[in-house]
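One structure is given here, and the rest of the page talks about it.
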Amino acid sequence: LLWHRRAATPARLVHGPGMALGAVAAFWWFAVVIARHPDLLDYFVGKEIVARVATDEFHRHGEWYAPFMLYVPAIAFGALPWAAYAFMPLVRERLWEPRRAWARLRDRGPAGLFLLWIATSFVILSLSRSRLPLYVLPLMAPVALLAARAMARTPAPWGSLRRIFTIAAVVAALIAVGKGGASLRAPSRDMGRLWNLAQEVGAGSEGARLVSVDHGRLQGLRFYNGGQLDPLWVALPGEPVSEGQVASELARMFDEWPDARRIVFVEPVEKGIARWCAALVEDAPPARSARNQRWAACSVERRS
Numbered sequence: 008l009l010w011h012r013r014a015a016t017p018a019r020l021v022h023g024p025g026m027a028l029g030a031v032a033a034f035w036w037f038a039v040v041i042a043r044h045p046d047l048l049d050y051f052v053g054k055e056i057v058a059r060v061a062t063d064e065f066h067r068h069g070e071w072y073a074p075f076m077l078y079v080p081a082i083a084f085g086a087l088p089w090a091a092y093a094f095m096p097l098v099r100e101r102l103w104e105p106r107r108a109w110a111r112l113r114d115r116g117p118a119g120l121f122l123l124w125i126a127t128s129f130v131i132l133s134l135s136r137s138r139l140p141l142y143v144l145p146l147m148a149p150v151a152l153l154a155a156r157a158m159a160r161t162p163a164p165w166g167s168l169r170r171i172f173t174i175a176a177v178v179a180a181l182i183a184v185g186k187g188g189a190s191l192r193a194p195s196r197d198m199g200r201l202w203n204l205a206q207e208v209g210a211g212s213e214g215a216r217l218v219s220v221d222h223g224r225l226q227g228l229r230f231y232n233g234g235q236l237d238p239l240w241v242a243l244p245g246e247p248v249s250e251g252q253v254a255s256e257l258a259r260m261f262d263e264w265p266d267a268r269r270i271v272f273v274e275p276v277e278k279g280i281a282r283w284c285a286a287l288v289e290d291a292p293p294a295r296s297a298r299n300q301r302w303a304a305c306s307v308e309r310r311s
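In our numbering, the protein residues as written are 8 to 311.
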C-alpha cells in the first residue's frame, strides 16, 4: 500500500469497519479463553508477547546475529531449488546495493513489492528475540511469487516448462526417498516410543498418574495418556537430586492425588544419568524402572 498506489481511488491504510472486522476475526478466540480462564491474560501478555519479543527467557536464539544464522538459511534452503529463480533478480540487478534497491522500489513493479514484502517481514521477525526457523514460513509466499515471475522471464532452457517440470519431478523424488529413509529410523523425539517405555512400568494402568520430570514439552505423551501429564521440576541441569527430596515429593503427590495408586515418572537421560529415577529406585523400593538411550521411566506404588 505504501509503494503501489495505482488505483483511481488509492486504498486507505486506516479503515474503521475493516479494522473492527479484523480485530473480531483475530481476537475472538483469545477473548473466549480469557473469559473462561482470567489468569491466562497475564500469561498471554507477559509471556507470549513481552517475554518472547523483548527477552530471551525462552532461549529461542536471542543473539543479535541469530536472524542471519537462522532465517537466511531457512529461506534459502527451504525454498530450494526455486530459491535460485526467486533471487535471480537480486543477483542479476545487484539489488544489495542501496541505490539500485531504491530505484527498484520506486518503479513500483511487482519485483519491488515482493522484495519489500520479504525485507519488511525479515526485519519484524528479527526484532523479536524468540526465533525459530518455522517463523519464516509466511515469507515463502513472496518467495514463490518471485520464483514464478522469474521463471516466466527466464529464457530456455532453464525457463522452459520441460526443464521446470523435470526439476520438480527430481525434487519430489528426492523428498520421497529422504522421507522414506527417515521413517526407517525411529526419531529421538518419538512420543510413541516413550509411551511404550512408560507402559513398561505401569503407565496407562488403572489409578496410574503420569509425571514428566524436568521436561515441560511432552504434548505427544499427554495425547497418548488421554490428556493427563503433570510436570515436576526437581533440580538444575547437572545437579543431583537432593537428599530427602524423593520422599517429600512422593508424599506431596500422593496427598494431592488421593485416587492415584501408582505414580509413573518419565525423564530425559542426561549424560547417561537419569537423576530422579536413580534416586527413586534407591530411596523408594520396590520402585520399577526402565530406560533407553534418551529416556528413563520409573514408578512407585502407594503404600498401604
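For each residue, glycine too, the CB sits at the ideal point set by N, CA and C. All figures in this text were calculated on a predicted structure; none of them were measured in a lab.
Residue i: first and last residue of the uninterrupted beta strand (DSSP E) it sits in
i, result
"Pro-238", "237–239"
"Val-307", "302–308"
"Ile-270", "269–275"
"Ser-296", "295–298"
Residue from the options with nearest C-alpha to residue i
i, options, result
"Val-248", "Gly-233, Ile-280, Val-178", "Ile-280"
"Ser-212", "Arg-269, Asp-114, Pro-96", "Arg-269"
"Val-218", "Val-130, Phe-261, Val-178, Ile-182", "Phe-261"
"Asp-237", "Phe-272, Pro-265, Met-198", "Phe-272"
"Arg-136", "Asp-63, Val-130, Val-39, Gly-185", "Asp-63"
"Gly-214", "Ala-175, Gly-23, Ser-306", "Ser-306"
"Leu-239", "Gln-252, Pro-88, Gly-227, Phe-37", "Gln-252"
"Leu-144", "Ala-176, Ala-267, Leu-77", "Leu-77"
"Pro-293", "Arg-310, Asn-299, Val-79", "Arg-310"
"Ala-254", "Glu-289, Gln-226, Glu-104, Phe-65", "Glu-289"
"Arg-298", "Ala-183, Arg-229, Asn-203", "Asn-203"
"Ala-86", "Glu-246, Ala-175, Val-21", "Ala-175"
"Arg-282", "Asp-266, Arg-301, Trp-264, Pro-265", "Arg-301"
"Tyr-142", "Arg-43, Ile-82, Glu-55", "Ile-82"
"Gly-166", "Val-40, Gly-185, Met-158", "Met-158"
"Phe-129", "Val-98, Arg-169, Pro-80", "Pro-80"
"Gly-223", "Phe-65, Arg-59, Ala-32", "Phe-65"
"Pro-88", "Arg-216, Tyr-72, Ile-171, Ala-73", "Ile-171"
"Arg-99", "Val-57, Arg-160, Gly-185", "Arg-160"
"Phe-75", "Leu-228, Arg-101, Leu-132, Asp-114", "Leu-132"
Contact with chain B by residue i, beta-carbon distance below 9 Å
i, result
"Gly-185", "The structure shown has no chain B; it contains just one protein chain."
Run of the alpha helix (DSSP H) containing residue i, from where it starts to where it stops
i, result
"Ser-128", "117–134"
"Glu-263", "252–263"
"Val-39", "23–43"
"Glu-289", "282–290"
"Pro-105", "105–113"
"Phe-230", "226–231"
"Trp-319", "What the structure shows of the chain is the stretch from 8 to 311, and residue 319 is not part of that stretch, so it cannot be assessed."
Which of helix, strand or coil DSSP assigns to residue i
i, result
"Leu-146", "helix"
"Val-79", "helix"
"Asp-266", "coil"
"Asp-49", "helix"
"Pro-96", "helix"
"Arg-101", "coil"
"Arg-59", "helix"
"Phe-84", "helix"
"Leu-8", "Below a pLDDT of 50, predicted positions are generally treated as unreliable, and Leu-8, at 49, falls in that range; no measurement from the model is reported."
Beta-carbon separation (whole angstroms), residue i vs residue j, contact threshold 8 Å
i, j, result
"Val-241", "Val-208", "In fact, because the Cβ distance is near 18 Å, the residues do not count as touching under 8 Å."
"Pro-149", "Ile-125", "5 Å"
"Ala-93", "Leu-153", "4 Å"
"Glu-274", "Cys-284", "6 Å"
"Arg-118", "Arg-156", "A small correction: the amino acid at residue 118 is Ala; Arg does not occupy that position in the sequence shown. Yes, Ala-118 and Arg-156 are in contact; Cβ-Cβ is about 7 Å, under 8 Å."
"Leu-134", "Leu-123", "With a Cβ gap of about 17 Å, Leu-134 and Leu-123 do not count as contacting."
"Arg-67", "Arg-169", "Contact doesn't hold; Cβ gap of about 43 Å is too wide."
"Leu-225", "Met-198", "7 Å"
"Ala-286", "Ser-296", "That pair is no contact at about 11 Å."
"Arg-385", "Trp-264", "A query on residue 385 cannot be resolved here, the shown segment of the chain reaching from 8 to 311 and no further."
Exercise for review: Go through the region 135–221 residue by residue and report every complete run of the alpha helix (DSSP H) that reaches 4 residues or more, in order.
Suggested key: 147–160, 168–190, 198–207
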